[in-house]
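Numbering (the UniProt record's numbering), first residue to last: 1 to 302.
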């Protein structure tokens with residue numbers, strides 16, 4: 001509906017009469033309800049969204065770079081593997097041109113073992129950046145996997161105090177070193193005739209001359225010379241003399257010899273494991289503490 005307003009302009013003449021100069025009619029439109037405008041706006045927005053959705057759908061179906069999963073193995077040369085982990089065996093088929101990193105991902109899906117916690121072995125440690133073809137993996141190859149899941153690690157995470165107690169208890173169960181077969185074959189030779197005499201109940205500083213007359217693990221004669229000015233221990237045999245920096249000696253083990261408690265057997269650990277221990281037998285008891293203090297760096301505090 002429309003509303004009309006009539007405007008009349010009247011002017012007075014000289015004789016006092018009024019004269020109509022102009023009449024005009026203005027048409028006013030009925031204002032539309034606000035809800036109708038909103039509806040039209042929503043319709044336009046809906047149309048825009050619809051166009052966007054359609055465009056997005058078109059883009060997702062046409063864009064070749066978007067992937068919804070692993071690349072298809074169709075048409076690729078495959079290789080059959082036997083995965084061995086934690087006494088379990090798994091059959092796995094994987095592209096021959098897949099990398100070691102890709103293999104770890106597949107092992108993760110089989111075993112639950114995260115790639116970062118895997119050590120994958122095939123003719124040595126499997127490189128992650130090379131393909132299976134490059135490292136010459138063949139059909140039926142056995143791939144060894146070493147590692148523990150996070151749950152396994154947490155299950156065996158024992159407090160340090162408990163571990164130390166168990167180690168100490170285990171050490172207490174061990175028979176004395178001098179009864180062990182590897183040492184018995186040297187000790188059974190008896191005390192060397194030219195060994196330095198022992199003095200019970202005393203602790204002496206190291207003599208200025210080498211400690212001589214003792215045996216090493218092979219039963220040969222050995223002498224120890226402590227070069228304090230060079231911070232070295234010289235271990236001399238008939239064949240050669242080894243000059244060892246005292247700072248490289250990790251530990252010193254000593255134990256009295258049964259039946260001859262005034263003499264000790266002693267080991268200098270020259271590397272990270274017990275396999276690197278150098279054994280010396282029939283060390284006079286009065287020098288034992290001085291040897292340990294000197295080798296482990298305490299001599300300077302005397």
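Every residue, glycine too, gets a C-beta built ideally from N, C-alpha and C.
Check, Outcome
"Buried/exposed call for residue 103, threshold 16 Cβ in 10 Å", "buried"
"Paired residues, beta bridge with residue 245 - DSSP", "232"
"Check whether residue 135 and residue 118 have beta carbons under 8 Å apart", "no"
"Residues that residue 85 bridges to, as DSSP identifies them", "88 and 145"
"Secondary structure, beta strand (DSSP E): runs of 3+ residues fully inside the stretch 197-224", "211-216"
"Stretch pair the stretch 137-146 + the stretch 240-255: three plus CB contacts closer than 8 Å", "no"
"Residue 294, enclosing alpha helix (DSSP H) - first and last residue", "288-295"
"Collapsed DSSP secondary structure at residue 285 in the structure displayed", "helix"
"Per DSSP, cross-strand counterpart(s) of residue 99", "131"
"Nearest residue (CA-CA) to residue 93, options 178, 200, 87 and 77", "77"
"Residue range of the unbroken alpha helix (DSSP H) whose run includes residue 186", "181-187"
"Residue 224 to residue 279 span [Cα, whole Å]", "12 Å"
"Candidates 249, 275, 277 and 272: closest to residue 294 by CA position", "249"
"N-terminal and C-terminal residue of the beta strand (DSSP E) that residue 262 is part of", "260-269"
"Counted within 10 angstroms of its Cβ, other Cβ atoms place residue 283 as buried (16 or more) or exposed", "buried"
"Paired residues, beta bridge with residue 121 - DSSP", "125 and 144"
"Cβ-based burial, residue 286 [other Cβ within 10 Å; buried from 16]", "buried"
"Whole-Å CB distance - residue 213 paired with residue 194, under 8 Å assumed", "4 Å"
"Where the beta strand (DSSP E) containing residue 256 begins and where it ends", "251-257"
"Straight-line gap, residue 229 to residue 276 (C-alpha atoms, nearest Å)", "25 Å"
"Exposed unless 16 or more other CB atoms sit within 10 angstroms - verdict on residue 209", "exposed"
"Burial state of residue 267, where buried means 16 or more other Cβ atoms lie within 10 Å", "buried"
"Minimum C-alpha distance to residue 133 - residue among 109, 99 and 114", "99"
"Candidates 237, 116, 281 and 112, of which the one nearest residue 257 by Cα", "281"
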